[in-house]
Every structure is written in structure tokens, then in C-alpha cells.
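A short write-up of the structure that comes next.
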Amino acid sequence: MLNIDGSHLEGGGQILRTAAALSIITQVPVKISKIRKGRKEPGLKAQHLSVLSVFKQLYAAKVEGAKLSSSEIVFIPQKKVKNNFCDIDVGTAGSIGLILQSVLPACLFTAPEDMFINIKGGTCGLGAMPVDYYLNVIFPLLYRSGIRAKLQVIRRGYYPKGGGEVSLQIKPVKYFRPIELIKQGEIKRISGLSIASDNLSSSKAAQRQAEAAAGVFRRNLKDIPVEIKCQYVHTFSVGSEINIYAYTDKDVILGSDAIGEQKKMAETVGEEAADKLVKEIASGACCDRHLSDNLIPYLALLGGRIKAGEISEHTKTNIWVSELFFGKIFKIEENEIAVEEGRFRS
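Note that the sequence shown covers residues 759 to 1104 in this note's numbering.
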């Protein structure tokens, strides 16, 4: 059994998410202590319990200590898949994107058949990947490596009530190629989606977010086509978001996002997302701030090379957790991260 210090490096819920996924894949049981020790509200939250619940439903994983605010769990994977469908309700606006971060790789590399997972919660949130990021960045990239998954956004869900819902279909990995993201190339176009609750349609919040973002690109990236669509949706809690992407001639996709908050102007939301994307482009990175740490488990399993804008604490943490399972397999030179030979065998 691996003993993992949940307070190491970034010390957040990512340690639990990555460790649980790799435990399922490698069949190595883990004991995780000091979970989220440095956080304002340490221990397990609803979204972390939802990850464990998925693995209990699909894989009959045995979990000790799985309760709110728990600082320690023992996670024991089982060899056989119990079900190929599960339905999870976080019960809060807990991030669906962060749940996918753990569930997706675990199922991709272990499922004997297609798996179907329905998740209810928050479709975007502060500091977490929106579900759109999977649709527009992660899935297209993984598709090039031979990985197949489909995600449908059934309903948007914002803080505090959540109520968002997605449906995920995962196909088992049979044939794959290493991940290669080294050259950014030239930016060819920028596209995006600005979304707001239908309660905000009278104030044109979605259009204002989109127009503010487009203004940033016009000032900083001249002659690059920009198309940001607008959408109003029914939600349980009022909210807004904008998700934007830059596409290059080297098949790189850089993403950025921002969400609306009380007393935060719609224009500020749009500018915030656009400013972050402009900085990602200027860095020469092939992986934005979300993508580099998300790709670490896939690099460990498939092999390959990526160039990040910076090696974040999240990325360092994921490398540390991955090497607890696979040994010292990562090579880092400046902002390039490589694994010569992946550990997955189909």
C-alpha cells in the first residue's frame, strides 16, 4: 500500500483525484493522509466524495474514511468492473470538471467496454476547469492520441445551487500514440462561447462579456479572426461564464475562461478571460494553465512531450503523485516535460 501525504506541494484535492485514478489503473491500494490540510476548510468536500462514489459504483472500490471533512482515507481498488453506468449528484455546485479529472483517465485505461457516467453539480467554478474545457481542449487533444470519449452538457449549473448536469461516454483505450505538444505555431483564429443565465438577458451580460473579450484581442492580436458566440440558459442560480480558445497551425489549442460574480461587471469577466489567453499565447506555451497538470497522468501512461508556459505547483504535484506509482519517469528541461516510454499496455 502506498502512503501518500495529502499536504505535499500544492496540497489540494488534486492529490486525492490523481491518486485514486492511478490506484484504479495500477491496482495499487493507497492511504492518503492530511487531505487538503492547508485549506481554509480542510478534509474531504462533496466533490471529492463524488469521485470516490464513482469508483465505488463502477469498480466496487473499498474506501475507508469517506465522509465530509475527513482528513484520511484508505482506498483499495478491485480487479473487476462492477458496472458500466453510474449516476452521481454532488448535491452542491462542486466542480464537475474536477470530478472528470479523476474519473476520465481511470475509466479510459481500465474499462473492458463503454462506460456511461451522469454527473450533476457545477459546470464551472472559481479555480476549476469548466466542462467546456474538456469539450474544446482536452478531448480534441486526446483524440489525436487515440482516446475516445464524448461529453454532453445537459444543463448549466452555477454557484451556489449547482444543478448542472453532464453525460459522459468513455470508450476503452485500445490503440494509442504518445502525446506531442512542443511547438505552438502561429495563431490562426480565436473562438469562444459567452454564456449567462436567462435572468441576465435584459442586461445583455453575455454580449457584453463577448464584446469586452473581443476588444482585448483586437488590441493585442491584430488580424486574427475572432468569433465569440452568445447563449442564454436556464439555471438554478444566476451566473455567467466565458470560455475562449486560440487555435494554431500546429494543432495546438490554448484555452481560457472566467466566471461572473456578484458586483463584477460583465466587461471585467470578458477582459479577464481574454487577458489570460493573450498571456498564454505570448509565453510560447503549447499547454495552458489547465492543460499541463491535467496531461501529467496521460504522459505517464502514454509517453510523450509537452511544453508548458510554466511548471505550476499543480503540475509538480501531479508529477510527484504519478512517480509514486511509476518511479522517476519524468524529465523536465526548462518548461518542457517528457516521458520517454509510457507505462500503459493495452
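Just so it is clear, CB atoms sit at the ideal spot from N, CA and C, and this is done for glycine as well.
Of all alpha-carbon atoms in Glu1081, Pro835, Phe867 and Asp763, the one lying nearest the alpha-carbon of Gly796 is that of Asp763. Here Thr1006 carries a strand assignment [DSSP, helix/strand/coil].
In the three-state DSSP reduction, Leu884 falls in the coil class, being neither helix nor strand. Non-local C-beta neighbours of Pro983 in its own chain, meaning closer than 6 Å and more than five positions away in sequence, comprise Arg947, ordered along the chain. At a Cβ-Cβ threshold of 8 Å, Gly801 and Ser827 count as neighbours.
In this structure, Ile783 lies away from Glu830, with their beta-carbon atoms at least 8 Å apart. Around Asn761, the same chain offers Lys789 as residues with beta carbons nearer than 6 Å, after the five sequence neighbours per side are excluded. Remark: C-beta atoms of Lys840 and Leu816 approach each other more closely than 8 Å. Collapsing the DSSP output to three states places Gly1062 in a strand. Here the region 1006–1016 makes contact with the region 928–946; the two share three or more CB pairs at distances below 8 Å. In the DSSP assignment, the residues bridged to Asn876 are Asp845 and Ser925.
By the CB criterion at 8 Å, Ala804 and Ser860 fall outside the cutoff. For Ser791, the three-state secondary structure derived from DSSP is strand. For the pair Met887 and Ile928, the CB atoms are not nearer than the 8 Å cut-off. Ranked by how close their Cα comes to the Cα of Val1079, the residues Gln989, Phe843, Asn1052 and Ala954 have Asn1052 in first place. Sequence-distant Cβ neighbours of Ala970 in its own chain, meaning closer than 6 Å and more than five residues away, are Glu1025, Gly1028 and Glu1029. Note that the C-beta distance between Lys919 and Ser995 is below 8 Å. Taken in chain order, the unbroken stretches of alpha helix (DSSP H) that lie wholly in the region 957–994 and span 4 residues or more are 963–978. Here DSSP, grouped into helix, strand and coil, assigns Ser781 to helix.
In the DSSP assignment, Gln910 forms a beta bridge with Ser925. Take the alpha-carbon of Tyr1003 and the one of Thr881: they are about 18 Å apart. For Leu802, there is no enclosing alpha helix (DSSP H), as DSSP marks it with neither H nor E.
By the Cβ neighbour-count rule, Phe1088 is buried, with 16 or more other Cβ atoms within 10 Å of its own. A Cβ-Cβ contact shorter than 8 Å links Ile945 with Leu979. Using a Cβ distance threshold of 8 Å, Gly883 and Tyr917 count as a contacting pair. Residue burial is scored here from C-beta neighbours: Lys1034 has at least 16 other C-beta atoms within 10 angstroms and is therefore classed as buried.
Note that the C-beta distance between Gln836 and Ala824 is not below 8 Å.
Contact between Ile912 and Val924 holds: CB atoms are separated by about 6 Å, below the 8 Å threshold. Judged by DSSP secondary structure, Asn894 falls outside any alpha helix (DSSP H); it is assigned neither H nor E.
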